[in-house]
Structures are given as C-alpha cells and as structure tokens.
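Under this note's numbering, residue 495 is the last one in the sequence shown; the count climbs by one each step, no gaps.
Positions of the beta carbon are idealized from the N, C-alpha and C atoms, including for glycine.
Everything numeric in this text was worked out from a predicted model, so none of it was measured.
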Amino acid sequence: MLAAPGWIRQKFGSRTGYLRLSSDTDQHKEEDELGPLELYDDDEAKESQPPQKKHLAIGGYIKKLVVLLPSFLHTSDPNTVTKDLRSTAWLDGLRGISAFFVVWHHISLIFFSWELHNGWTGFNDPFIRFPIIRLSISGLPNVMVFFVISGYALSYKPLSLLRQDKLPDAYHALASSTFRRHPRLFIPAVALCLPCILLAYIGQYGDGESDATGWVYNNALWTLPIEFRSSLIVFGFLLALSRVRNGVRILIAFGVALYCLCFVHWAEFLFVGGMLLAGLQVHFPKREEYNRNGDSEAGIRRRHSLVTMSTAYRWWAYVVIASSLISFIGALYLLGMPKLERGGAETPGFEILASMIPDRWREAGEPDHFWLSIAAVWLVLSIDRAPFLQRIFTCSFSQYLGRISYSLYLVHLAILHSFGFRMGKFCVELTGYDTKLQYFTGVLVTTVTFWFITIWVADLGWRFVDAKVVRFSSWMYNHLCLREMAY
9 MLAAPGWIRQ KFGSRTGYLR LSSDTDQHKE EDELGPLELY DDDEAKESQP PQKKHLAIGG
69 YIKKLVVLLP SFLHTSDPNT VTKDLRSTAW LDGLRGISAF FVVWHHISLI FFSWELHNGW
129 TGFNDPFIRF PIIRLSISGL PNVMVFFVIS GYALSYKPLS LLRQDKLPDA YHALASSTFR
189 RHPRLFIPAV ALCLPCILLA YIGQYGDGES DATGWVYNNA LWTLPIEFRS SLIVFGFLLA
249 LSRVRNGVRI LIAFGVALYC LCFVHWAEFL FVGGMLLAGL QVHFPKREEY NRNGDSEAGI
309 RRRHSLVTMS TAYRWWAYVV IASSLISFIG ALYLLGMPKL ERGGAETPGF EILASMIPDR
369 WREAGEPDHF WLSIAAVWLV LSIDRAPFLQ RIFTCSFSQY LGRISYSLYL VHLAILHSFG
429 FRMGKFCVEL TGYDTKLQYF TGVLVTTVTF WFITIWVADL GWRFVDAKVV RFSSWMYNHL
489 CLREMAY
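Below you can see the structure in the form of structure tokens.
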C-alpha cells in the first residue's frame, strides 16, 4: 500500500538521506563584445544608428543564448555525415538507461515510502513491485550495472591491442587511462556539486538547516571512490598480465572474479567481471561493427545470407535468438530481487535463492549484494552476445541518455533536494491530498517539471563540464608525457 502524502526517505545506507516532505509552512560565460550600440553615450546618437545594425546586434546575442538550449534542440548541419556507431556503443546506451532508472529511484523516495520497494506478493500489490518492472525505480541494481560497464569499457581497448600484439600501443592506452581516471571522475563531481553547498548555505537545500552537521550534500557520490579504486585494480591487472597469452589471461580473470565473489568484494567482482566479458568479446568476437543505418557492406552481406540460408540454419538462428531472450529476461528477473529486509525471501521465485546466500555475505552485512552482483554481470553478458538486443541501447534516446549519464547522475539529487523538494510541497498543497487522484496529480506535475529541468541542466553539465574535462585530461596527459618512449 502506498504511503500517505509527505513520506520521503530518511536514510540511504549509513548516509544522511532525504528530509521529510511535509505541508508545513516553512560554464564560463562569454564576454559580450562591444557592438555599435555601446559606442554612443547620448540618446540622439543611438537613435541615429541604422536599424539593421541594431537587429544584427540583437540577433548576435540571441545566437549566443541558443547554446543554452538542450543539445537535441540545436539545428544540425545538413552536410554533417552521420558516423557509424562503435561496436561497443550499446554500453553507453545501457549506462544511460541505468542512470535514468537511478533518478526514478530517488524520485520515488521523495513522494512515497520505502514500502513501495517491498517484494511482490500478489496481484493486490502495486504493479511497480512486479519483478523486472521494479528495476525502473531501483537504485542499487542499476549502480551495479554501472560498475560492470565501467570494467568492460576501461579494459576493451587495451585488451584489443594486446590481442593484436600491439604492446606499445596497449601500454600507452593503459598509461593514458590511468592518468586521466582521477580527473575524469572527480573534477565534474566537484564542479557540478558545488551549487549544493551554496544552496545549503542560503537555506534552500533540503529543509534549510544550514547548520546541520555531518550533512551529505550529494549522497549519490558514494560510488565514485569505489569506481576509482576498482578502476586502478583493473588497470593493474591488465598491466601485470599484458605479456600473458589471451586464453590464460581470461582464465586468471575468471579466478580473480571468483575469489572476489567468495570473499565479499562485490564491487571488485563487478569490475573484474566486466573486464572478463571484454576479454571474451575480444577473444571470441560475436558481431561485426554496428552500423546505425544498416547499409554497410557487412550488414548487406549478412541480410542476404539470412535470406539464402537453408531451413536448418534458420532454425538454429531462431534457437539462438530464443535462448538469448531467455537469458536476458532471466538476468533482469534476478537483478530485480528485492532486499531481504523488504520481503525478498518471501517474494515468489526468490525464496530458494535467498536461502542460498553464503553465510560470509550475511556476516558482512551485505546479503542483498550477492545475487545482484551475479545478475549484473549476467545481464551485460546476455546483451553482449545478442546483437539484436543491443538495438534497444543504440537508438537515439538511449545514446543521448548515455552521453549525459554522468552529468545526470551528478546533478539530479541537487535539483531534487532544492527545486524538487519545494516544488513537490507546493504542487501537493495546490492539488490537495485527500484522495489518491489529487495526490498523484501533484506528484505528476512535479515530476514532469523536475525532469524537464534536470535533463536541461544535465545536458549543460555534459557539454560545458563533463566533455571539457575529458578534453582537458587528454590535453594534460599529452603535454606532460614523454614524446618518445622506448619499449
């Protein structure tokens, strides 16, 4: 049963979470160039200025403001040639969808109680609790998918170069990635979360308690130290085994992942698991380079082969597609396992799995992470080996979310704690909350407005902070590293 209006989250793990939503009363800027209008001091001289130049000056200011619009509203150059997507572009889309769901998770905690995240026990429960569907408002499972994607993406290029016996290039890629990892993660976090401190200081963050001690301005940042530490583990692993044969490297990676799983190193398991999947993809390639329009020579050749292949081969293709779908759905189902404290052990389909959680994980206080970690790696594996599933994550919407995903992850809580908190209170008071319809109307108006602002701010953060940090870190590495390196 949904909670009464006013419920929001009180804790996020061991960190300070949200405050109670109640009905109580309570990029650098470009310098404008001096145009003809600024060269005149008296009104008569200004009036003598030709009107065309006035219009041109105003038009110039408007063009400068257009850059503040979301990137998808910008007019594209018709002469621009659309580039083919990389074979790993689906990872960006999956990351974007996961970030999208993490934001929904935090929205749900503002307007509803934790009861919404209880396990599904029957058709009388809210539909959002149903397995797989519940992933759209789940936080931890989607964060785990982040980690697997990071392990995969960070290791794919070095492993590809090692596979081609290009050791100097592989070492250069590893050195560059290691050097750039810290600024890549933390500079955007500092820049985009700085407004949280200012908003708290002026009393516009949360409930306005600027003198609160131990306040976590953005508790979603708990993932960044884990990202950085686990990334260094992946880089060290690749460097240590750079001279080892590919097959042996895969076996060792599997052993390390198994060790992490046995001894409750769930974050390291996810990163090493992602690296293992990248190694399998490099060693046993499954697909050809993806083409957005499907007009590449390889794509045309493949479509022609599907038409001319024998009935037996078609039957085998259908079996492969069916097995890939079953694997994908199974991974999603397992990834949606509710927390044990939320009735996970009583949810249909999870009773036996809950009893199989190792005691070591229970003693460490992280029993919920065991099956979710396995499910996150399983999900990425299922998509990686099924090109037809990757189309879900290579569409324009998924790719756009992928581009702004890091910025979206960083800014959404700041907007939710400030604007969302107050907008929610205002809308619920305006619509009333005597009935579910009134309350949901207020929530709907708040959510739509919140998403509009959040996507806009995330787009700006991506273009003016995140993308520039990527270029800056590359520039810094290229200017600080040795020009000639001997191996």
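From the options, residue whose alpha carbon lies closest to that of residue i
| i | options | result |
| --- | --- | --- |
| V156 | D474, A466, A422, L284 | L284 |
| V74 | H125, W464, V242 | W464 |
| F236 | A208, V272, R189, L445 | R189 |
| L380 | G255, W274, I105, I210 | W274 |
| V419 | G211, L278, D474 | D474 |
| I141 | V153, T96, L340 | L340 |
| A383 | H425, S335, R471 | S335 |
| N150 | Y160, F119, D133, F109 | F109 |
| V477 | F135, R103, R171, V198 | V198 |
| F396 | T355, P346, L333 | L333 |
| L162 | K347, F154, S185, R171 | S185 |
| S95 | K165, H113, K433 | K165 |
| R370 | Y414, I423, F271, T402 | F271 |
| Y179 | L207, L247, N132, I145 | L247 |
| L387 | G282, L207, D133, V264 | G282 |
| A394 | Q289, C201, P191 | Q289 |
| S116 | A330, S144, L240 | S144 |
| D133 | L207, G351, G104 | G351 |
| F480 | R171, I195, S238 | I195 |
| L249 | L175, F80, V111 | L175 |
| F277 | F292, S239, N254 | S239 |
| Q172 | V252, V111, F135 | V252 |
| Q398 | L93, F80, L81 | L93 |
| F80 | W470, L490, C489 | W470 |
| A228 | W483, F131, Y414, C435 | Y414 |
| A265 | C489, V385, K433 | V385 |
| L167 | I329, W459, P191, G255 | G255 |
Coil, strand or helix - residue i by DSSP
| i | result |
| --- | --- |
| M364 | coil |
| C403 | coil |
| R251 | coil |
| C435 | helix |
| R479 | helix |
| W377 | A small fix is needed here, since residue 377 is His in this sequence, not Trp. Helix, per DSSP. |
| R393 | coil |
| H82 | coil |
| G338 | helix |
| T231 | helix |
| N537 | Nothing can be reported for residue 537: it is not among the residues displayed for the chain, which extend from 9 to 495. |
| Y441 | coil |
| A372 | coil |
| P196 | helix |
| D32 | Residue placement at D32 cannot be trusted, given a pLDDT of 40 that sits under 50; what the coordinates show is reported in the next sentence. Three-state result, D32: coil. |
| D173 | coil |
| S163 | helix |
| S146 | coil |
| S56 | Model confidence at S56 stands at a pLDDT of 45, short of 50, so the residue's coordinates are unreliable; what they give is reported in the following sentence. In this structure, S56 counts as coil in the three-state DSSP scheme. |
| T319 | helix |
| M283 | helix |
| M345 | coil |
| F236 | helix |
| L259 | helix |
C-beta atoms of residue i and residue j nearer than 8 Å
| i | j | result |
| --- | --- | --- |
| A107 | L416 | yes |
| R137 | G127 | yes |
| L169 | L232 | no |
| G214 | H425 | yes |
| T449 | T439 | yes |
| G287 | P139 | no |
| P356 | H125 | no |
| A466 | I400 | no |
| A422 | C268 | no |
| V327 | F279 | no |
| I365 | F378 | yes |
| G159 | S406 | no |
| I105 | L409 | yes |
| F154 | R103 | yes |
Heavy atom of the ligand SAM within 7 Å of residue i beta-carbon
| i | result |
| --- | --- |
| P203 | Looking for the ligand SAM in the displayed structure turns up nothing, as the structure carries no ligands at all. |
Just list the alpha helix (DSSP H) runs in the region 88-136, keeping only unbroken ones of 4 residues or longer that don't cross its boundaries, in chain order. Fully enclosed alpha helix (DSSP H) runs of 4 or longer: 97-119.
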